[in-house]
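My numbering puts the last residue of the sequence shown at 150; the count rises by one with no breaks. Read through the structure below, which is laid out as structure tokens, and then see the notes.
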Amino acid sequence: MIVSLHVATGAALGAAVRRRGALLVLGPVLHILSDRVPHQDIDSLRFEVGSGAAGLVALATRFGPLHPATLGAIATCLPDAEHLIRLPRPGGRKLFPSHRFEDWHREGGLPTWVQLAAAGVLLGAMLAARPTPRR
Ligand SMILES: [Zn+2]
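Here is the structure:
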């Protein structure tokens, strides 16, 4: 799944769950489930990083860096950091399950433009919504 859609679905998860501790587990689980949906990936690391960072900055600016929506977005897209940072690769493979095991990451299917549009609609709706009070 493209990074900006991980950011958008993670933000929606955070806004729905609103429990920061649970998001540390649920975000990566959502990442795995999203990577299992057959999808096309964007071949530009620059675009992936730029669009993901733009989404995170927009959420942090709108809701605050510690708001569950922002934290949910971070927790959900964080596993993709191993595409940027060289972490240990036991057996020559990446660490996160949906990056490590080929059949956990399904390629083909959902086009990148559909994912990008979904991310834009989801993030746009969240950013435009009235803020909800913190618990
Ligand atoms: Zn990933």
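Virtual Cβ for every residue (Gly too), placed ideally from N, Cα, C. What you are looking at is a predicted structure, and each value in this text was computed from that prediction instead of being measured.
Give a single yes or no on whether residue i has its beta carbon closer than 6 Å to a heavy atom of ligand 1.
i	result
D95	yes
D118	no
D50	yes
Within 10 angstroms of its Cβ, does residue i collect 16 or more other Cβ (buried), or is it exposed?
i	result
V40	exposed
S19	buried
P43	buried
L74	buried
E63	buried
I100	exposed
D88	Here residue 88 turns out to be Ala, not Asp, going by the sequence shown. Burial call: buried.
F111	buried
S59	exposed
Among the residues of its own chain, which have a CB less than 6 Å from the CB of residue i, if the five just before and after it don't count?
i	result
A23	A134, L137 and L138
Among the residues of its own chain, which have a CB less than 7 Å from the CB of residue i, if the five just before and after it don't count?
i	result
L45	T24, G25, L28 and T91
Can you determine whether any heavy atom of ligand 2 sits closer than 6 Å to the C-beta of residue i, and answer yes or no?
i	result
S59	Ligands present in the displayed structure are limited to ligand 1, and ligand 2 is not among them.
Query - Whole alpha helix (DSSP H) elements within the segment 34-103, 4-residue minimum - result: Taking only runs of at least 4 residues, the alpha helix (DSSP H) segments lying wholly in the segment 34-103 are 35-51, 60-78 and 83-92.
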